[in-house]
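Under the UniProt record's numbering, the first residue of the sequence shown is numbered 1, with each subsequent residue one higher.
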Amino acid sequence: MINIAIDLGGTRTKVGILKEYELLSYSVEDSFSQDSFSVSLTKLTDQINKLLADNSVKADEINGVGLAFPGIVDTVQNKVISTNEKFNQAIEFDFYKWAKDNWNAKFKLENDARAAIIGEWQFGIGKGIDNLVMMTIGTGIGGVCLIEGKLLHGKHFQAGVLGGHSTIDYHGGKCTCGNIGCVESEASTWKLKELITNHKMLDKSILSKAEVFDFKTLFDAARKKDEIATELMKRSLSAWAAGVVNLIHAYDPEMVILHGGVMKSSDIIIPFIQSYVDDHAWTPWGKVKVVKSSSPDFAALWGMNYLCSSIKEK
């Protein structure tokens, strides 16, 4: 049987078709978080149907639809609880009915970071390690844990997924979550644009000519010895590292997985954060290993495929 897995990101939306544990095909489209939700859902449905048609998948072959969502989700009722300014109209939407009406399929909803850590635990670099934490770095910052082979959900479904909103600077900027000085409000993609455009020495930097303000642009400029880019890169690295130590102190993992497109610069990021963790994390038993995701583009798809395969009934 075939599962449809969706990774709904703030910047890009990935849809994959998976048969058992094989990714048969996938597509990537720009996200549509600022559209009305009805428009967003129509675009997503069209993206899925095109992928199914391109791969000659029939409706009766589909087992389940799994959606990795960037927010707090009720995994029992399969409903979105809170979105933190992304896809706000998704709250309380009946995704179960949507999957049933369109593909007569089962449906599973999970937080995107939880989906990614499940993917790495079952199929990636975390395989065989039952105590993991992951930091996802992108439009926002996510932090998630797996303890003794189990995801934390908690009474209100927000346990273990708000590591990106741990405070690292109580004099810092306000986050969209309402907190002050979160990892996200100090070192996410949405914060980076503000840091670059407001820098008082921007006119002396090659960043002043940038068309896109993301971490690829920043790291590329830093590799060229641009002083402003290097300053902002070190600021981001320090914020991520502090957030990782918070996750280690909270969840006692054996391994920390760093996940997201920014890990294309893992040659810079991993040594910096590993050194910071070695110096600052209180782990009397030994050193926590910091690694990059083995599948930054597809871990959430693998995770949702795994979760869909465990659904008992339509």
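Even for Gly, the Cβ is constructed at its ideal location relative to N, Cα and C.
Given the structure is predicted, the values throughout are model-derived calculations rather than measurements.
Using only alpha-carbon positions, find the residue among the options that is nearest to residue i.
i    : options                   : result
T42  : E20, N102, Y26 and I81    : N102
A250 : Y170, L152, N78 and T136  : L152
R12  : T217, V28 and K225        : V28
D252 : W121, I196, S266 and W285 : W285
A113 : K106, Q89 and L146        : L146
V144 : F272, G71 and G66         : G71
V73  : A187, L132, K155 and K14  : K155
K193 : F215, L247 and S205       : F215
M44  : E61, S310, G178 and G66   : Reading the sequence as shown, one finds Leu at residue 44 and not Met. Of the candidates E61, S310, G178 and G66, the one whose C-alpha sits nearest the C-alpha of L44 is G66.
G303 : K108, T139 and I248       : K108
I81  : T75, I91 and F87          : I91
S236 : T176, G140, S208 and S205 : G140
Exposed or buried, residue i, counting other C-beta atoms within 10 Å across all chains shown (16 or more means buried)?
i    : result
A159 : exposed
K314 : Low local confidence applies: a pLDDT of 49 at K314 is under 50, so the model's placement there is unreliable, and no value is given.
D203 : exposed
S56  : exposed
G142 : buried
K14  : buried
S38  : exposed
Look at the Cβ atom of residue i, then the Cβ atom of residue j, and state whether they are nearer than 8 Å.
i    : j    : result
G173 : G164 : no
G16  : L8   : no
V256 : V212 : no
S166 : N246 : yes
S308 : K127 : The question names Ser, but residue 308 in the sequence shown is Cys. Cβ distance not < 8 Å, so C308 and K127 don't count as in contact.
A59  : N104 : yes
With a threshold of 6 Å on Cβ separation, who are the neighbours of residue i within its own chain once the five nearest residues in sequence on each side are excluded?
i    : result
I125 : V291 and S294
Y276 : A241
D130 : E148 and G149
D259 : Looking at the sequence shown, residue 259 is not Asp but His. Excluding sequence neighbours, H259 sits near A116, M134, T136, S293 and P296.
Q122 : Y306
N111 : V73 and V161
T197 : none
Cutting at 7 Å between CB atoms, please list the residues of its own chain near residue i, excluding the five before and the five after it.
i    : result
F219 : M233, S265 and I268
D169 : G181 and E186
N3   : L18, N63, G64, G66, N305, C308 and S309
Open item on the list: Threshold first: 3 residues or longer. Then list the beta strand (DSSP E) segments lying entirely within the stretch 226-313, N to C.
Closed with: Restricted to the stretch 226-313, the beta strand (DSSP E) segments that are unbroken, complete and at least 3 residues in length are 255-259 and 289-292, listed in chain order.
Open item on the list: List, from N- to C-terminal side, the beta strand (DSSP E) runs of 3 residues or more that fit wholly inside the stretch 35-68.
Closed with: Listed in chain order, there is nothing to give.
TODO: May I have a chain-ordered list of the alpha helix (DSSP H) segments no shorter than 4 residues that lie completely inside the stretch 72-131?
DONE: Fully enclosed alpha helix (DSSP H) runs of 4 or longer: 95-103 and 112-123.
Task: Runs of alpha helix (DSSP H) wholly within the stretch 186-210 (minimum 4 residues, chain order) - done: As far as the stretch 186-210 is concerned, its whole alpha helix (DSSP H) runs of at least 4 residues are 189-197.
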